[in-house]
Amino acid sequence: MAKIAVIGTGYVGLTTGACFAHLGHEVVCADIDEAKIESLRRGEVPIVEMNLDRFVAEGIASGNLSFVVGAAEASKDCEFHYLCVPTPQGEDGSADLSYLEIAAAQIAPVMPTGSVVVNKSTVPVGSTGIVARVMGRNDVSVVSNPEFLREGTAIDDFLNPDRVVIGSRDQEAAIRVAGLYTGVRAPVMVTDPISAETIKYASNAFLASKLSFVNAVANLCEAVGADVNDVVLGMGYDRRIGKEFLKPGPGWGGSCFPKDTIALARIAEDHGYDFTFLREVLAVNEEQFDRTADKVLAVLGDDPASASVACWGLTFKAGTDDLRQSPAIEVLKRVSAAGVKIKAYDPAVGGQLDELAGVEVVQDPYAAVDGADALVVLTEWDEFRWLDFDKVAESMPGRAVVDARNLLDRSQLERRGFDYRGIGR
Ligand code: UDX
-9 MAKIAVIGTG
1 YVGLTTGACF
11 AHLGHEVVCA
21 DIDEAKIESL
31 RRGEVPIVEM
41 NLDRFVAEGI
51 ASGNLSFVVG
61 AAEASKDCEF
71 HYLCVPTPQG
81 EDGSADLSYL
91 EIAAAQIAPV
101 MPTGSVVVNK
111 STVPVGSTGI
121 VARVMGRNDV
131 SVVSNPEFLR
141 EGTAIDDFLN
151 PDRVVIGSRD
161 QEAAIRVAGL
171 YTGVRAPVMV
181 TDPISAETIK
191 YASNAFLASK
201 LSFVNAVANL
211 CEAVGADVND
221 VVLGMGYDRR
231 IGKEFLKPGP
241 GWGGSCFPKD
251 TIALARIAED
261 HGYDFTFLRE
271 VLAVNEEQFD
281 RTADKVLAVL
291 GDDPASASVA
301 CWGLTFKAGT
311 DDLRQSPAIE
321 VLKRVSAAGV
331 KIKAYDPAVG
341 GQLDELAGVE
351 VVQDPYAAVD
361 GADALVVLTE
371 WDEFRWLDFD
381 KVAESMPGRA
391 VVDARNLLDR
401 SQLERRGFDY
411 RGIGR
């Protein structure tokens, strides 16, 4: 079993650390945030992520998982060093590598000879080379091992991945990194670092393209009178297309897809290729936010400024408390700009949101619909399907429902006199 330092305790770092500890390795996780490290030592996980708190608690109890302040402190006794720091979007759309470079510079003087540094963060093509240059050590290897973790199912995605990708020109280092995944059943693919980095970006951009395509198909279905639910079911039976990632919605978001799709278009441009296709994928997504907001405004009649709307769902998808680049927020900003009064409920959001100054966040789905002219569903939380719609009907003076996730049972609502509008049907 190996000694692994994990630098950065966000979604990726904490999941990586907890899962490697679960596989039997000795893992030290580091962060610059002292308060966060203190609470992690007590087993308190600051994010909503299925089973992560259990894995962290088990790791601490078994002695396989510990937490320290500072990258150098973690790396000094380890043979593997996973860089899991954020790579936020810079002002020009390219990824900002400063956290990565700082972490690399901090661990460079303390890493034992023969160490392997592993880039796990989503980093621009060529970053493995940049990290190697920043460290300036020829007795260590730098390898790319991109993550493909979805928020909400990150632990399962780590332990049951579709593939493990390792990018390295040093075969021995690649084999050592592959060895860390002993116990995980998945194809392991070894390639050069630039190809590994491209696999990560191209995978996210492809999935984002699939979603923009399906949202455009939903819009087409509305125009021709088809039902998108049946259309995607019929498409998904074709194994070349696949059943997953075919649900239309108010647009796609989250901490990865928008940032990575913009970054890949930028990387292409920097290397002399105009990836117009990706720019269209992004434009279709913006259009989907607009269309969803327009749908809500359309049911409010001529004077939206005197109307009030209930919203169910604020997070970028169900199963997470993450609001980064949430389509729900994009849509509500547009609706709110028309002067509409909005009350919103989300099971994972506890208080008011700075980015939605005009929106009142309430702690109960029925409080949100109280007095509303229309209800809009923007995140696909399963619990919304099982609410008491008699009670909803009693509380709402209006009867319009815009279900931007095709989540609710149309006939149940229509029986109660609601005017139901989904996406693409
Ligand atoms: C994504 C990738 O899936 C993951 O492999 C990568 O490592 C990180 O980015 P995540 O950001 O957790 O994961 O979100 P994901 O589940 O992929 O959903 C992204 C967005 O697409 C969400 O807004 C979601 O609601 C939307 N979506 C997803 C749809 O609208 N329809 C679908 O069928 C699937």
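Sequential numbering of the sequence shown, starting at -9, is according to the working numbering.
We put the beta carbon where it would ideally sit given N, CA and C, even for glycine.
Considering only DSSP beta bridges, list what residue i is partnered with.
i: HIS71; result: ALA(-5) and VAL107
i: PHE57; result: CYS19
i: GLY157; result: SER134 and THR181
i: ASP393; result: VAL367
i: TYR263; result: DSSP lists no partner for TYR263.
i: ASP228; result: Note: ASP228 sits in no beta bridge, so no partner.
i: ARG411; result: VAL392
i: TRP302; result: TYR335 and VAL367
i: GLN79; result: ALA85
Might you give, ordered along the chain, the residues of its own chain that have their beta carbon closer than 6 Å to the beta carbon of residue i, omitting 5 neighbours on each side?
i: VAL382; result: VAL359
i: GLY80; result: ASP86
i: ARG140; result: ASP147
i: GLY348; result: SER326
i: PRO183; result: THR118, SER134 and GLY157
i: THR188; result: VAL115
i: SER245; result: ARG314
i: LYS249; result: GLN79
i: PHE395; result: With the sequence shown as reference, residue 395 is identified as Arg, and Phe is not the correct amino acid for it. Cβ neighbours of ARG395 beyond the five flanking positions: GLY239, VAL367 and GLU370.
i: TYR89; result: VAL75 and PRO76
i: ASP43; result: VAL35
i: THR282; result: PRO240, VAL321 and ALA394
Taking buried to mean at least 16 other C-beta atoms within 10 Å of its own C-beta, is residue i buried or exposed?
i: ILE413; result: buried
i: ILE156; result: buried
i: GLU320; result: buried
i: ALA300; result: buried
i: GLN342; result: exposed
i: HIS261; result: exposed
i: TYR227; result: exposed
i: ARG166; result: buried
i: VAL150; result: The sequence given here places Asn at residue 150; Val does not occur at that position. Result: exposed.
i: GLU28; result: exposed
i: TRP376; result: exposed
i: TYR416; result: The requested residue 416 is not part of the displayed model; the chain covers only -9 to 415.
i: GLN278; result: buried
i: THR266; result: exposed
i: GLU39; result: buried
i: ALA213; result: exposed
i: GLY173; result: exposed
i: LEU210; result: exposed
i: LYS233; result: exposed
i: MET101; result: buried
i: TYR1; result: buried
i: GLU345; result: exposed
i: ASP220; result: exposed
i: GLY291; result: exposed
i: GLY241; result: buried
i: TYR191; result: buried
Please go through the same chain and pick out, in chain order, the residues whose beta-carbon is closer than 8 Å to the beta-carbon of residue i, but skip the five residues on each side of it.
i: LYS26; result: THR(-1) and PRO36
i: GLN161; result: VAL180
i: ALA362; result: SER298, VAL299, ALA300, LYS333, SER385, MET386, PRO387 and GLY388
i: VAL130; result: MET101, THR103, GLY104, SER105, VAL106 and VAL107
i: ASP217; result: CYS211, GLY414 and ARG415
i: VAL154; result: ASN135, ALA168, TYR171, VAL174, ALA176, PRO177, VAL178 and MET179
Leaving out five residues on either side along the sequence, give the residues of the same chain with a beta carbon under 7 Å from the beta carbon of residue i.
i: ALA47; result: GLY33
i: PRO337; result: TRP371 and GLU373
i: PHE10; result: ILE(-6), VAL17 and LEU170
i: GLU404; result: TYR410
Sequence ranges, beta strand (DSSP E) only - wholly within the region 318 to 388, length at least 3: 331 to 335, 349 to 352 and 364 to 367
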